[in-house]
Each structure stands twice: as C-alpha cells, then as structure tokens.
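Novice: I am attaching a structure below and will ask some questions about it afterwards.
2 protein chains.
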Amino acid sequence: MVTLTSRVDIMVPRLTTALKGPLLDLEQRILTAQPSIEHWFRRQWLDHTPPFYSSVDLRNSGFKLAPVDTNLFPGGFNNLNPDFLPLCVLAMQAAVEKICPEARGVLLIPENHTRNQFYLQNVAQLVTILKQAGMRVRVGSLLPEITEPTTLTLTNGQSLTLEPLVRSGNRLGVADFDPCVILLNNDLSSGAPDILKNLEQTVLPPLAAGWHTRRKSQHFAAYHRVAAQFSELIGIDPWLIDPHFDVCSQINFHERIGEECLAAKVDDVLQKIRTKYTEYGVKNDPFVIVKADAGTYGMGIMTVKDGSEVRDLNRKQRNKMAVIKEGQPVSDVLIQEGVYTFENLNDAVAEPVVYMIDRYVVGGFYRVHTDRGVDENLNAPGSSFEPLAFDACCTLPNPDCAPDDMPNRFYAYGVVARLAMLAASFELEAVAE
Amino acid sequence: MVTLTSRVDIMVPRLTTALKGPLLDLEQRILTAQPSIEHWFRRQWLDHTPPFYSSVDLRNSGFKLAPVDTNLFPGGFNNLNPDFLPLCVLAMQAAVEKICPEARGVLLIPENHTRNQFYLQNVAQLVTILKQAGMRVRVGSLLPEITEPTTLTLTNGQSLTLEPLVRSGNRLGVADFDPCVILLNNDLSSGAPDILKNLEQTVLPPLAAGWHTRRKSQHFAAYHRVAAQFSELIGIDPWLIDPHFDVCSQINFHERIGEECLAAKVDDVLQKIRTKYTEYGVKNDPFVIVKADAGTYGMGIMTVKDGSEVRDLNRKQRNKMAVIKEGQPVSDVLIQEGVYTFENLNDAVAEPVVYMIDRYVVGGFYRVHTDRGVDENLNAPGSSFEPLAFDACCTLPNPDCAPDDMPNRFYAYGVVARLAMLAASFELEAVAE
C-alpha cells in the first residue's frame, strides 16, 4: 500500500483575499447539502444527456465561484493527475456503455495541430483512456498533408499515429478500420467539413456542438437557468455562482460598427456588478471580459473597466478583437462579468479547470500564470501556463474539514463545473431540436 | 502533483513456480484480447444485471488462475487501497443511478458482529463510500441488544453508529429515517429474518442471495458456463480458469452418513485433475477442497488428497465439518478442485481478493498468511491474515509490459473476477424466476 505521509506539503494555490465570507458560506452550504445536490444531479440526468466529455474553466474570487468557459472538445487530459487515470477509465467505460454498448472501434479526430506538443499529448492521453476502457482506437486527421499513417514521437516519450481519413459512402474510418463511433476532439471553429456530414455512425459530440454553431451567450443563458434552480435548492444568492452577461451582435471591429452598443452594454453590466459589490462589501473594481460569442482559445478577448475603453480601441486592439481561431471574423460579442481569480501559487495567478467524462468529474488542474493579473483571461493565445494537477479528486468532500479545505474546495469546484456541464446539455438539446 | 518515484519498491507477491507456461499464455491472451473482452462484458451487461457489489477470492497457481469463492455481501472494503476510494465512489454513483436514481436514503444492515474491529471498519468504509456518492446513510442492526443508537469507536479512529430497526407496515427504517433502499451486508446464513421480508423498499442484494438459499455448486455451475463461453472467445482451455467440482447431498458428518458418496466423488475429481496435470506437465499433487455447499467464512473446510481421507475422519474433524457459521448444520458438500496458490510475499502465502461495485472492478488486496500452506484455504475461521492492498487498480493493462507484470496480472485478476461476478448474476436470475 502506498502511504503518503506528508500530503500537507503538496503545493496548492492559496486563496488570498480579504473577503471570504460569502464564499465560505457558499462552500459550507454546498458541503451540507451534498446528498440533496447529488440527488438533484441524478434527477437531472434522467431527463438530460450530459456531453460526452467537457472541461470547465472556473474563477474563484473568494467571494464568488463561477464558470467562465465550458469546452465540449476538451484538450488538457494530459495535465490531469496520473493517479486518477483509473477514474477516467471507469467514467469512459460508463460513457461508452450508455451511448453505444456495442461499440468496439472509436475513431478520434483531433485538432489540426501537429506541432503543439501539449495538445498532442492530450490526444495521446485520450487514446490511452479509450484503450484502457477496452476500445479499439485509431486517430484520423483532417489535415490534407496526412496522406499516409504518420507516427509522431512526443517529447514525453509517447507516440501518436495520425492516419488519413477514408470515407466510403456514409461511413468514415481509416484504412482497414470501420469504427462504430466518431469522437471529435476538434471544435470545428471554421465549420464542419463535408467529410464529417451525414455519417451513419454516431458522432460525439454532435457536429452542432462545434464553435461554428455554438454561442457562449446561449451557454450562459442556459447556465443562468441552471444556477437559479440550483441556488434555490441550496438557498444561496445565484450571483455567487453566476456571472452577469450581455451580448452585442453585428459588431465589426475593423469598420468600428457597433461600438456604441458595446460601450453601453459594458457600462450596464459594470453597473450591475457594482450594485452587487456594494451589497457584499467588495472593495475591488468591477470589470468585464469582452470576447467573441463564438470561438475558443481565448483569442479576441479584452478586460474592460469602463465603457469608454471599447470606444477608443487602437488599430492593433481592433485587429486582435476582430478575428478568432482559424481567422474566423467576430461579429457577435459577449460582455461577461469578470470574476477575479484570487487563487495564488507563490506569486502566480492560478485558475482551476475541471474535467468531466459523461456526468462524472474525473479530475482537474490549475493553470498557473506568472505573468498575468488577477483580472485577466488566463487562457489567451501565446500565454504559457504551468499545469498543476489537482492533488485530490473532486468527489471526496470531508465534513470534518473546514469548508475551504482542499477536499471541500475541490468538491465545490466539481459541483459548479457540473452545473456548467448541465447547462451545456441544455444547449445541445436546443440545437438538436 | 504527487509523484511516486519508486513504485518498483512496493511490496508485491512474487509468483514462485516452475511452471508458468500456461498462465503466461493465458495472461498474454487476456491482454491481447482486451478490446474483445471488454466488448463481450458490455454485451453481457445488456442482458444481465450485475450484483450490487461482490468480492471474489482467486487462486493463482502459475499454471491456473481461478475463482474459488464469490461473496455477494463483501466485507473487507477497509482493506482496499485508500488511493482508490474515488473509484469506489464513482462506481457507487453509477450503481445507485442505475438501480434507483431517485434514491436519497440508504439503510445499511451489517452482520451481527460488534467486536470484530476489521468487520466494523469495513462497515464504516461502506458508509463513507455511500456518503461520498451523495447518499444519506444510516446503519440498522438486527441485534436485539441494540435498543438505542449505539456509537462504536473503532481502533482506526473512525466511529460507527448502529441503530435499532423500526418497521412500519411494509417499510423498514430507523428512527426518523425512511430509506429508499435497504443494502444488506449480512449474508443471512441462518435465513432471512421476518423483519426483512415483504418490504416495499428495494432490498439489495435480494434476500434470495443469502446463504440460506444460495449454493456454491449453483454458482460454480453458472461459472462453468461463463468460463466455457469466455474461453471460446479468447481461445483457451477452459480448465485454465475453471476448477472441476462435484457435489454430495444429504451428508451427515455426525452420523457418518454419505461418507462413501463423498469419498467416491473426491477420487473422481482428483482423477480429473490428475489427467489435466499430466496434460500440462504439472508435477504437484492434485488436491480437492471439501466444503459446505452453503455458507461462508471458511468454516467446515478440508484439504483432501485421497478419497480415503474422508472415510477416516476423527470426531474432532467431523464436528468441524458438521456446522458452519451461526451453527447451521451442513448437509450438502462441495468437492472443488484445489488450486495451488503460488504467490508468495517473503515466506508467506498470498491470495488475491478482487472487489467490485456493480460491474466495475474497484480494487483488491492480498490475504497474506504466514502460517498456511499453498494447498490450504486461506479464509478459515481464526486464521489471521495481513491485508496487502493492491498498489494499482485492475483496469490499466499495459501492453508494453510483460504479460505477468503487475498491471497486466491485476488486469487478468479483474477479468477472472468479473467472470465469477457474471456467474453470480446468472445465479441471482435463476432464484428470481
């Protein structure tokens, strides 16, 4: 038996904020209500289908704990604690069993990155999890330059073989492999390619979950409903877990169209935050995050503390905001209440990310940034971060510890992340209709 | 992140036998066939319901890996590696969800031991797992002397509160607690008490799974069918995983009735083993285990190498064989092929026990005995053993390691244990009809 004698020594970000009252109360209520919460989730899964997998970026300000992004094509499985691989495998077995018990073969389709070692390690880790869950797995690439099986040796010693896709009628596979399930780890930012359309096989997540159709505002509208129900269940102010937001459409940053709408809505959201900060005695400056309503990878993102700031963007800022990943133009913009992240590791800012397979929380890690402020987006392009795997899993709350001790803080993270995941399932139902 | 730099140093029993050929081949085939095996199990669970929980005692002789006992009311959850508690919690969530998603309250009914610290720690661990899975849990005792809530402080520092059962009409609970599910951790050796009969609530495992109705011979007959199918799937001789057995009924050890039948069947089973040993070049002496067909706890168990031995039992041996737990008389006797256990830790004999919740393997441990031989039952009353938790879980086979390296040996254990668990589900279906 492995005994860890000094778990206390393990690095865990510290919450450094003067104002912990509301969050401690939130964490205490989550802890006390655990049986009701788990029962409530079980009931939700009777009526709703969780996404195949997901990751949720959280922000913890000491007075508020909220999701700020929900990814339905999660990268970063390589950043999870290897000790919890068995959890991923068990959750994957349950997911596969539920969706397609007859499944034997899975075709995994990743993003078109062949040089991003971290991303490739994520793909290799997904292959491992699927294999350990007893599936046959091959990786099919959408890249035109992959014309034959290509084995990449990764810097961590793993290897990954990308193969060219082969479509026969309405079935997709790779050479000598006819899978039952197509698993996307590609967020389809520039639309679903024809080769993925009208397939006989089950495609997970569905094509409609791609960023070419998904809107953050729809996600957060669904989350708003979920958060309201949940807050009633455990008796809290929903604002403690739900960021305000609004949306501006038909923006054109290059041509400076829509700036007034944006500035007005920024001020409106800031005012709503200010009211809440006054109610709770929060001394920090309210801020909002302005970002593309569709899209990922933190491109096209700004921190704004006053509406006037979006009227005075210089050319460089406008260029940065105008396009997201794969050069897609931005026309719809989300204005989201900024949530300070007051978790710190040494002097670096840390943001928790929680991973789920089906309805199960399987782990998480902190994005630790040494060069970013407490009010900045931590998932921006080019911003490097150190992943710090959660030491413990998110399913072992301990009523004998303080509500903000790690097992209980992780449990609260897992609960809020699952609320965002439930919101995503509402979102997917809406697009499936 | 917790990094274990020297997993190699961890104590693991060594397989010390000259003849590993057949088992290496078995382990290799299990490893190679992993996707087919997992697919086959998934298909089985479409048609069959796994027991709520189970544990399976295995014996590993180097040339044969087989289950020798399947427990549907497993004790020993306290012996599992605490690092794998999250796995138990996740599997418990899946089990509860499937059986009764509306469940909030579970009443756990343990065995009537109040002084066996190890058993009480097992009950406390089950309470922990159920609570972490989000259930409200209370422990109701069948003991008449428990007339009010009684808190026991366990030697490991945990505490456990036993409460008197309260039956109102056809509902069972404890004071101010009306559970949805009654979870038995009591094997009902002396029959199902009236207070458990005709309940409105779901009782798990069902009363018919108790040792008052269950027969080992029915289990091993079901296992024989399962092993045959599985062996065809992966192309092995079923004998490598399936012990021969036979049964004698209407034995009376006190009155020396049935001795001839027993002696003849012992010799018959020994002859079958001898034929196989010759086929595989095994040099060891064949032996059989004679034990009560109903019952548990290893009472009424003998190692026999010749039919004449059961004709010449002295009074003490006959008394020992005549009764099992709770003084129940033995009339039906199982004659089971003995499987040598050639796993050794230092000089002690080690026998693996695998634990499952629903259809998921959640861990296991070795029973390590310093004072027992390789051909003796290791779960005998009064025999003390040291539990050695499996260091790794049973779901992470690694094709890059040798077939008998620990991850792969554990995977093979998990597979054979699940075969026995599947046999138990056939058994439970038969009694439910």
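Going down the list, the protein sequences come from chains A and B. Here the first sequence stands for residues 1 to 433, where the numbers follow the numbering used here. Here the second sequence stands for residues 1001 to 1433, where the numbers follow the numbering used here. Glycine residues also receive a C-beta, built at the ideal position from the N, C-alpha and C atoms. Source: prediction; values computed, not measured.
Could you check whether Tyr1366/B and Cys1394/B sit closer than 8 Å to each other, using their CB atoms as the reference points?
Specialist: No, Cβ-Cβ distance for Cys1394/B and Tyr1366/B is not below 8 Å.
Novice: Going along chain A, which residues have a C-beta under 7 Å from Asp1405/B?
Specialist: Those do not exist, as Asp1405/B stays about 15 Å from chain A at its closest Cβ, beyond 7 Å.
Novice: Could you give the uninterrupted runs of the alpha helix (DSSP H) lying entirely in the segment 1034 to 1072 of chain B, keeping only those of 4 residues or more?
Specialist: Listed in chain order, they are 1034 to 1047.
Novice: So, Gln336/A versus Lys291/A, is the Cβ gap smaller than 8 Å?
Specialist: Cβ atoms of Gln336/A and Lys291/A: closer than 8 Å.
Novice: Applying the criterion that 16 or more other CB atoms from any shown protein chain within 10 Å of the CB defines a buried residue, is Ala1430/B buried or exposed?
Specialist: The residue is exposed, with fewer than 16 neighbouring Cβ atoms inside 10 Å.
Novice: In the DSSP assignment, find the beta strand (DSSP E) that holds Cys248/A and state where it starts and stops.
Specialist: It spans Phe245 to Cys248 - the beta strand (DSSP E) in which Cys248/A sits, taken as one unbroken run.
Novice: Find the nearest neighbour of Leu1162/B within the set Leu1026/B, Phe1390/B, Thr1114/B and Gly1169/B, judged by alpha-carbon distance.
Specialist: Closest by alpha carbon: Thr1114/B.
Novice: In the DSSP output, which residue or residues are listed as bridge partners for Met302/A?
Specialist: Paired residue(s): Val290/A.
Novice: At a Cβ threshold of 8 Å, is Leu204/A touching chain B?
Specialist: No, its Cβ sits nowhere closer than 8 Å to a Cβ of chain B.
Novice: What separation, rounded to the nearest whole angstrom, lies between the Cα atoms of Val304/A and Arg418/A?
Specialist: Cα-Cα distance, rounded: 28 Å.
Novice: Count the CB pairs spanning the segment 1241 to 1248 of chain B and the segment 1356 to 1366 of chain B that are closer than 8 Å, and state whether there are at least three.
Specialist: No: fewer than three Cβ pairs fall under 8 Å.
Novice: Within its chain, find whatever has a CB closer than 7 Å to the CB of Tyr1119/B; leave out the 5 residues flanking it on each side and keep chain order.
Specialist: Within the same chain, Tyr1119/B has close Cβ partners Gly1075, Glu1111 and His1113.
Novice: So, using beta-carbon positions, are Asp1267/B and Asp1293/B closer together than 8 Å?
Specialist: No, these two residues do not count as a Cβ contact at 8 Å.
Novice: Determine the burial state of Pro1286/B: buried for a count of at least 16 other Cβ atoms within 10 Å of its Cβ, exposed for fewer.
Specialist: Result: buried.
Novice: Can you name, in chain order, every residue of its own chain whose Cβ lies under 8 Å from the Cβ of Leu172/A, other than the five neighbours on each side?
Specialist: Answer for Leu172/A: Leu107, Gly140, Leu165, Val166, Pro179, Ile182, Ile195, Leu196, Leu199 and Gln201, listed in chain order.
Novice: Can you tell which of His212/A, Ile241/A and Pro193/A has the C-alpha that lies nearest to the C-alpha of Pro144/A?
Specialist: Closest by alpha carbon: Pro193/A.
Novice: Taking just the CA atoms, how far does Thr341/A sit from Leu80/A?
Specialist: Their backbone Cα atoms lie some 21 Å apart in a straight line.
Novice: Taking Arg42/A as the query, report the chain B residues whose CB atoms sit under 7 Å from its CB, ordered along the chain.
Specialist: Those are Glu1097 and Pro1101, listed as they occur along chain B.
Novice: According to a CB-to-CB cut-off of less than 7 Å, which residues of the segment 1335 to 1369 of chain B neighbour chain A?
Specialist: From the segment 1335 to 1369 of chain B, only Tyr1360 have a Cβ closer than 7 Å to chain A.
Novice: Please report the straight-line C-alpha distance between Ala264/A and Leu334/A, rounded to a whole angstrom.
Specialist: Taking the straight line from one Cα to the other gives about 13 Å.
Novice: Am I right that Ala133/A and Val203/A are in contact with their C-beta atoms under 8 Å? What's the rounded C-beta distance?
Specialist: The pair is not a contact, with the Cβ atoms about 19 Å apart (cut-off 8 Å).
Novice: Distance cutoff 8 Å, beta carbons only. Does His1039/B sit that close to anything in chain A?
Specialist: Interface residue, yes.
Novice: Between Gln1250/B and Thr49/A, what straight-line distance do the alpha-carbon atoms span, to the nearest angstrom?
Specialist: Roughly 55 Å between the two C-alpha positions.
Novice: Could you give the first and the last residue of the continuous beta strand (DSSP E) run that contains Ser1168/B?
Specialist: That run of the beta strand (DSSP E) goes Val1166 to Ser1168.
Novice: How close, in whole Å, do the beta carbons of Asp83/A and Asp1083/B come, if the pair is a contact with beta carbons under 8 Å?
Specialist: About 7 Å; that satisfies the 8 Å criterion.
Novice: For the segment 229 to 239 of chain A against the segment 92 to 99 of chain A, do three or more pairs of beta-carbon atoms, one drawn from each stretch, fall closer than 8 Å, so that the two count as touching?
Specialist: As far as the Cβ criterion goes, the segment 229 to 239 of chain A does not touch the segment 92 to 99 of chain A, which means the pair count is below three.
Novice: Among Pro1352/B, Thr1213/B, Lys1098/B and Asp1400/B, which has the Cα closest to the Cα of Asp1358/B?
Specialist: Ranking the options by Cα distance to Asp1358/B, first place goes to Lys1098/B.
Novice: Report the residue ranges of all beta strand (DSSP E) runs contained in full by the segment 1069 to 1149 of chain B; include only those spanning at least 3 residues, in chain order.
Specialist: Whole beta strand (DSSP E) segments, 3+ residues: 1105 to 1110 and 1136 to 1141.
Novice: Chain B partners of Leu422/A, CB-CB under 9 Å?
Specialist: The premise fails here: Leu422/A is roughly 15 Å from chain B at the closest Cβ pair, so nothing lies under 9 Å.
Novice: Taking 8 Å as the threshold (C-beta atoms), are His1219/B and Glu1427/B in contact?
Specialist: Yes.
Novice: First and last residue of the beta strand (DSSP E) that includes Gln336/A?
Specialist: From DSSP, the beta strand (DSSP E) with Gln336/A extends over Val333 to Glu337.
Novice: In chain order, what are the residue ranges of uninterrupted alpha helix (DSSP H) at least 4 long that sit wholly in the segment 196 to 242 of chain A?
Specialist: For the segment 196 to 242 of chain A, whole alpha helix (DSSP H) runs of length 4 or above, ordered along the chain, are 216 to 234.
Novice: Chain B beta carbons: is any one of them nearer than 8 Å to that of Gln158/A?
Specialist: With 8 Å as the cut-off, Gln158/A does not count as an interface residue toward chain B.
Novice: Say whether chain A places a C-beta atom closer than 8 Å to the C-beta of Arg1171/B.
Specialist: No, its Cβ sits nowhere closer than 8 Å to a Cβ of chain A.
Novice: Apart from the five residues just before and just after Val127/A, which ones in its own chain have a Cβ nearer than 6 Å to its Cβ?
Specialist: So the qualifying residues of the chain are Val137.
Novice: At the level of alpha carbons, what is the spacing between Asn1252/B and Met1302/B?
Specialist: If you take the alpha carbons of Asn1252/B and Met1302/B, they lie about 15 Å apart.
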